[in-house]
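Let me begin by presenting the structure, written as structure tokens, before commenting on it.
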Amino acid sequence: MHSNAMLGLGFLGLGVFAIIIFAFIVGLILELINTFIGLKIVKIDSEFIEILKVSSYKAVTSTILGLLPFGFILAFVVAIYINKTFFDTDWKNGLLIELPLLVLGLVIGLFFMLMMIFSFIAFAY
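Residues 3 to 127, numbered by our numbering, are exactly what the sequence shown covers, in order.
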């Protein structure tokens, strides 16, 4: 194999690693905002440091489990369990804490689905 081709494979691996790190950072920010909103819905008072710690645990698990097929479902259940454990609540409130993230995910998914449909329609004509 030519040396330039080998160099390209190294950059490809670095790009995949950068995408995983970027997904973790975006996931952490979204988890932080949505955990804060979810705690306000359930009426649980918590410090920012504790919310940041729980959100980082959930972001790490969702990034790792998101690499698996259908891992997002397992990551959602694990996030509910993390909420239940750290905020000392039951499964219902753990689910309610994750509710804003679920709604945001559905809205973003619907937006991208509509973008794909409109792009297919635009390219058809």
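Ideal placement from N, C-alpha and C gives every residue a C-beta, glycine not left out.
Would you say residue i and residue j are within 8 Å of each other, going by their C-beta atoms?
{"i": "Ser57", "j": "Leu97", "result": "no"}
Can you tell which of the options has its C-alpha closest to the C-alpha of residue i?
{"i": "Ile2", "options": "Leu112, Leu69, Glu52, Leu70", "result": "There is simply no residue 2 to check, as the chain begins at 3 and stops at 127 in what is shown."}
{"i": "Leu106", "options": "Ile22, Ile35, Ala25, Ala20", "result": "Ile35"}
{"i": "Leu104", "options": "Ala25, Val18, Thr37", "result": "Thr37"}
{"i": "Asp92", "options": "Leu54, Ile46, Ser64, Met117", "result": "Ile46"}
{"i": "Ile22", "options": "Leu67, Val109, Leu116", "result": "Leu67"}
{"i": "Lys86", "options": "Gly40, Phe19, Val18, Ala25", "result": "Gly40"}
{"i": "Glu33", "options": "Phe50, Val18, Ala20, Phe19", "result": "Phe50"}
Suppose you measure from the CA of residue i to the CA of residue j; what does that come to, to the nearest Å?
{"i": "Phe88", "j": "Leu16", "result": "34 Å"}
{"i": "Glu100", "j": "Pro71", "result": "21 Å"}
{"i": "Met118", "j": "Leu112", "result": "10 Å"}
{"i": "Thr65", "j": "Ala25", "result": "7 Å"}
{"i": "Tyr59", "j": "Ser121", "result": "37 Å"}
Considering only heavy atoms of the ligand COA, does any lie closer than 7 Å to the CB of residue i?
{"i": "Met118", "result": "The ligand COA is absent from the structure shown, which contains no ligand whatsoever."}
Continuous beta strand (DSSP E) assignments of at least 3 residues falling wholly in the stretch 58-82: Here no run is fully enclosed.
Touching by the beta-carbon criterion (3+ pairs, under 8 Å), the stretch 18-36 and the stretch 70-80: no
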